[in-house]
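So the sequences go chain by chain: R and P.
For the first sequence, our numbering assigns the number 106 to the initial residue and increments by one for each residue that follows.
For the second sequence, our numbering assigns the number 106 to the initial residue and increments by one for each residue that follows.
Note that CB positions come from ideal geometry on N, CA and C, so glycine has one too.
Everything on this sheet refers to the single structure shown next.
Number of protein chains: 2
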Amino acid sequence: MDQKNHRYCVIMCGGIGSRFWPYSRAALPKQFIDFLGTGRTLLQMSYDRISGIIPKQNILIMTNERYAGLVAEQLPEISRDQILLEPARRNTAPCIAWAAWHIAARDPEASMIVIPSDHVITRENLFVESVLQGFDFVESHNALLTFGIEPTRPETGYGYIQIGERVSENMNKVKTFTEKPDLELAKVFIASGEFFWNSGIFLWRTSTIIEALRKHVSDLDSVFAAAPSSVYTDPAAERAFISEAYPGCVSISIDYSVMEKADNVYVETVSFGWNDLGTWSALYDLSPKNSETNVTQNCNVLAYNSRRNIFAIRGEKLIVVDGLEDYIVADADGVLLICPKAREQKIKNMVNDAKLKFGDKYE
Amino acid sequence: MDQKNHRYCVIMCGGIGSRFWPYSRAALPKQFIDFLGTGRTLLQMSYDRISGIIPKQNILIMTNERYAGLVAEQLPEISRDQILLEPARRNTAPCIAWAAWHIAARDPEASMIVIPSDHVITRENLFVESVLQGFDFVESHNALLTFGIEPTRPETGYGYIQIGERVSENMNKVKTFTEKPDLELAKVFIASGEFFWNSGIFLWRTSTIIEALRKHVSDLDSVFAAAPSSVYTDPAAERAFISEAYPGCVSISIDYSVMEKADNVYVETVSFGWNDLGTWSALYDLSPKNSETNVTQNCNVLAYNSRRNIFAIRGEKLIVVDGLEDYIVADADGVLLICPKAREQKIKNMVNDAKLKFGDKYE
Chain R
106 MDQKNHRYCV IMCGGIGSRF WPYSRAALPK QFIDFLGTGR TLLQMSYDRI SGIIPKQNIL
166 IMTNERYAGL VAEQLPEISR DQILLEPARR NTAPCIAWAA WHIAARDPEA SMIVIPSDHV
226 ITRENLFVES VLQGFDFVES HNALLTFGIE PTRPETGYGY IQIGERVSEN MNKVKTFTEK
286 PDLELAKVFI ASGEFFWNSG IFLWRTSTII EALRKHVSDL DSVFAAAPSS VYTDPAAERA
346 FISEAYPGCV SISIDYSVME KADNVYVETV SFGWNDLGTW SALYDLSPKN SETNVTQNCN
406 VLAYNSRRNI FAIRGEKLIV VDGLEDYIVA DADGVLLICP KAREQKIKNM VNDAKLKFGD
466 KYE
Chain P
106 MDQKNHRYCV IMCGGIGSRF WPYSRAALPK QFIDFLGTGR TLLQMSYDRI SGIIPKQNIL
166 IMTNERYAGL VAEQLPEISR DQILLEPARR NTAPCIAWAA WHIAARDPEA SMIVIPSDHV
226 ITRENLFVES VLQGFDFVES HNALLTFGIE PTRPETGYGY IQIGERVSEN MNKVKTFTEK
286 PDLELAKVFI ASGEFFWNSG IFLWRTSTII EALRKHVSDL DSVFAAAPSS VYTDPAAERA
346 FISEAYPGCV SISIDYSVME KADNVYVETV SFGWNDLGTW SALYDLSPKN SETNVTQNCN
406 VLAYNSRRNI FAIRGEKLIV VDGLEDYIVA DADGVLLICP KAREQKIKNM VNDAKLKFGD
466 KYE
């Protein structure tokens, strides 16, 4: 069997994107939205990007039960059995563990790449090259590999990876993972040449990650190892098992539970364009501006004395605005948000306040 | 015949209220909106107020052809023949002239009050007393009477009337009509005790206003005097005549063409509560504020660091706002306006810009 047929992709697609509320909603999160106005949603773009490298039948979509319909609708070429539905939100480690056991039951020699569904990637030819190099590496090393993006600015919104010992071209051991730095520290990181943005993209053999989970997150290992491997190849049996077992999983990230603890963690330094599209400001920075430095999504804007705003509307609408600078104006499904970009980190609190005061429909 | 049966009311209802755009639209102007959230529109409130004083069959609604359906729907107790439809916008003098000829043809002894349909009046018992006193006055004097509202603040958004020679209690000759003053001058006006707000409410005998029009606006007189009085009592004939003649009328206000020129102009000084609801700021001032001094119309608002704003939404919506002070936020029928209250006089220009750039549907 061609090595390529042992390669799998896991697209993580269960988030609710509340930092883009109200444009991204619990009922229609960010990854299901055509955020860049290209005609394809972020999920579809993620799928398009990987489906040239990975056999289509080897692509899995991990998402919340609630989004089964959205995934099926947006990716009609994916079969129902390739969509794994989480009955509860449990962060990335349980999701990745389940995917690994599911794949291992089908193909003990499998390797897998884990990618988020809601990031923006440009220079996709470099992405393809990096992914192929990464697979070659993990197939010949007992490695937990992550992508470190070559930083282009002292970004304070990302985590960084410090590279250690060089293994081969673009391949290094990881020295440290860091939290989001302040601006001063970010500048020091950039100047050093040793720090790369933490992309949240992972590659490994399924046997390698299962071994790492066994060693570092035994709680999770005991959940998934409890089922015979035949369960993972029988969709009905798997659904029954997961609906019982998954809600009991510890809610923890793969970064915290495995990557920061294991000693076989490597980073492939890559130089494709990447943006985690984590905030309105990130979207603003990424988007083309008009002559008044405003960014518009799906709306006509008539702006007076207004600069550096981002306007995002679901549904046809004209916005007429006077005297607004550095604001987010977002309107969708019965909610209008007007908020300074500088206070966007408060949006999650606003969502909670709105839910408490006016009900769940505003989530 | 009881004198009361010779009394008529003309409600002027043809404006488009563009200063409240986009909440007030060419397709649904201000007077047809329940602006105060009472369950009755401004037109309905105007009708309710006057229908206790004037026989219902003596109430006429003057409006644009476009609003025939809205008037009929909002005032089902009015017969079709009491709604006079203007085939073109021609300001107040042609509208009042037509109404006067229409009434005079039915009742040569008629007197009439002309009221706008989009003002707010409180202390309605005082309004009723003032109207009755006004009718008594014009029925015994050859007078063009207007109401001067006792000012309660140095308002710069209104025209003022300076009173002259006293005739009887609350009744004076008019000395001058003034344009909107600046704040300094408005303070002087108030301190003098001689200046009253120009209400745009008029009372006279139809014979008195027809005579004044003949003297001061002969162009208009010749239009309406050209038809035999039988035309004004035959709805089909009147419609045919008006559709031919009305568009040729000079477009001019009754204030400028008659009231500022005639020498039999009187003012009744009145003390009911009155607001011409001419601007968003006027609506803001009039409306109850929440604890953050924001005003909301038809919407839930979650406000952070936001004060002295007015939020008006058509259709159920939640507004979440941070860091906005002294703004108008209005959303209706596909348009969202965000504009500082201090620049509200620019809204008319914005409507024009929107029409030019994006089409008539935004009027």
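Worksheet item: Using a C-beta to C-beta distance shorter than 7 Å, which residues of chain R count as neighbours of P:Asp458?
Response: Leu407
Worksheet item: Going along chain P in order, which residues have a C-beta closer than 9 Å to the C-beta of R:Phe463?
Response: Asn405, Leu407 and Leu423
Worksheet item: Apart from the five residues just before and just after R:Val400, which ones in its own chain have a Cβ nearer than 8 Å to its Cβ?
Response: Beyond the five residues adjoining it in sequence on each side, R:Val400 comes within less than 8 Å, by CB distance, of Leu388, Tyr389, Ser392, Pro393, Lys394, Asn414, Ile415 and Phe416 in the same chain, given in chain order.
Practice prompt. Check distances from the C-beta atoms of the stretch 258-288 of chain R to those of chain P and list, in chain order, the residues that come in under 7 Å.
Written response: Contact annotation: in the stretch 258-288 of chain R, no residue has its CB less than 7 Å from a CB in chain P.
Fill in: Beta-carbon contacts of P:Ser151 that lie in its chain and below 7 Å, excluding the five residues immediately before and after
Ile116, Ile220 and Ser222
Worksheet item: Leaving out the 5 sequence neighbours to the left and right, which residues in its chain are closer than 8 Å to P:Ala331 when beta-carbon positions are compared?
Response: Excluding positions up to five away in sequence, the list reads Ala350.
Discussion item. With three or more beta-carbon pairs closer than 8 Å as the criterion, would you say the stretch 422-441 of chain R touches the stretch 128-137 of chain R?
Written reply: yes
Worksheet item: Alpha carbon to alpha carbon, what distance is there between P:Gln238 and P:Ala210?
Response: 25 Å
Item to complete: Using a Cβ-Cβ cut-off of less than 7 Å, give me the residues of the stretch 108-127 of chain R that come near chain P, in sequence order.
Response: Using a CB distance below 7 Å, no part of the stretch 108-127 of chain R faces chain P.
Practice prompt. At 9 Å on the CB atoms, spell out the chain P contacts of R:Ile499, in chain order.
Written response: Since the first residue shown for chain R is 106 and the last is 468, residue 499 of chain R is missing from the structure and cannot be characterised.
Fill in: Own chain residues within Cβ distance below 6 Å of R:Val225, not counting five before or after
Counting only residues of its own chain and dropping the five nearest sequence neighbours on each side, R:Val225 has a CB closer than 6 Å to the CB of Asn380 and Leu382.
Worksheet item: Using 8 Å as the limit for Cβ to Cβ distance, is R:Tyr467 near chain P?
Response: yes
Discussion item. Distance cutoff 8 Å, beta carbons only. Does R:Met364 sit that close to anything in chain P?
Written reply: no
Discussion item. Using CA atoms only, rank isn't needed, just tell me which of P:Asn163, P:Ser304 and P:Thr227 is closest to P:Asp212.
Written reply: P:Asn163
Fill in: P:Phe301, DSSP secondary structure in three states
strand
Practice prompt. Kindly list, in the order they appear in chain P, the residues whose Cβ is closer than 9 Å to that of R:Gly383.
Written response: Here the premise fails: no neighbours, minimum Cβ distance about 19 Å.
Discussion item. Cβ closer than 9 Å: which chain R residues qualify as neighbours of P:Val440?
Written reply: Lys422, Leu423, Ile424 and Val425
Fill in: Interfacial residues, the stretch 128-158 of chain R to chain B, with Cβ spacing under 9 Å
In the displayed structure, chain B is absent; the protein chains listed are R and P.
Discussion item. Is it the case that the stretch 303-318 of chain P contacts the stretch 249-262 of chain P, given that we only count it when at least three CB pairs across the two stretches are under 8 Å?
Written reply: yes
Worksheet item: Excluding the five sequence neighbours on either side, which residues of its own chain have a C-beta within less than 8 Å of the C-beta of R:Ser119, listed in chain order?
Response: Going by the sequence as given, residue 119 of chain R is Gly instead of Ser. Hits under 8 Å: Met167, Thr168, Asn169, Tyr172, Glu191, Arg194 and Cys200.
Worksheet item: P:Lys285: buried (16+ other C-beta within 10 angstroms of its C-beta) or exposed?
Response: Exposed.
Item to complete: Would you tell me roughly how many angstroms separate the C-alpha atoms of R:Thr62 and R:Arg124, rounded to the nearest one?
Response: Because chain R spans 106 through 468 in this model, residue 62 of chain R falls outside it and cannot be assessed.
Fill in: Any alpha helix (DSSP H) of 4 or more consecutive residues that is wholly inside the stretch 415-441 of chain P
none
Discussion item. So, under 8 Å CB-CB, P:Asp431 and P:Lys446 are touching, yes? Tell me the CB distance rounded to an integer number of Å.
Written reply: Between P:Lys446 and P:Asp431 the Cβ distance is about 5 Å, and since that is below 8 Å, they are a contact.
Worksheet item: Does the distance from the CB of P:Val328 to the CB of P:Ser362 come in under 8 Å?
Response: no
Fill in: Rounded separation between P:Glu274 and P:Thr257 - CA only
20 Å
Worksheet item: Roughly how far, in whole angstroms, is the beta-carbon of R:Thr313 from the beta-carbon of R:Ala248, given that I think they are within contact range, below 8 Å?
Response: 7 Å
Item to complete: Quick one: grab the DSSP three-state call for P:Val322.
Response: coil
Item to complete: Apply the 10 Å Cβ neighbour rule to P:Val243 and answer buried if 16 or more other Cβ atoms are within range, or exposed otherwise.
Response: buried
Worksheet item: Anyone know if the C-beta pair for P:Glu289 and P:Gln267 falls short of 8 Å?
Response: no
Worksheet item: Candidates P:Lys422, P:Asn369, P:Arg145 and P:Ser376: which alpha carbon is nearest P:Glu229's?
Response: P:Ser376
Worksheet item: Can you give, in chain order, each stretch of the beta strand (DSSP E) that sits fully within the stretch 213-275 of chain R and has at least 3 residues?
Response: Restricting attention to beta strand (DSSP E) runs no shorter than 3 residues, the stretch 213-275 of chain R encloses them at 216-221, 225-227, 249-254 and 265-273, ordered along the chain.
Fill in: Interface residues of chain P facing R:Arg448 [CB-CB closer than 7 Å]
Contact annotation for R:Arg448 against chain P: Asp427 and Gly428 [CB-CB distance below 7 Å, chain order].
Worksheet item: Given that a residue counts as buried once 16 or more other Cβ atoms are within 10 Å of its Cβ, and exposed if not, what is P:Gln179?
Response: buried
Worksheet entry | Reference P:Thr143; option with closest CA among P:Leu442, P:Gln402 and P:Phe294 | P:Gln402
Fill in: Residue closest to P:Asn410, alpha-carbon to alpha-carbon, out of P:Thr398, P:Val236 and P:Thr384
P:Thr398
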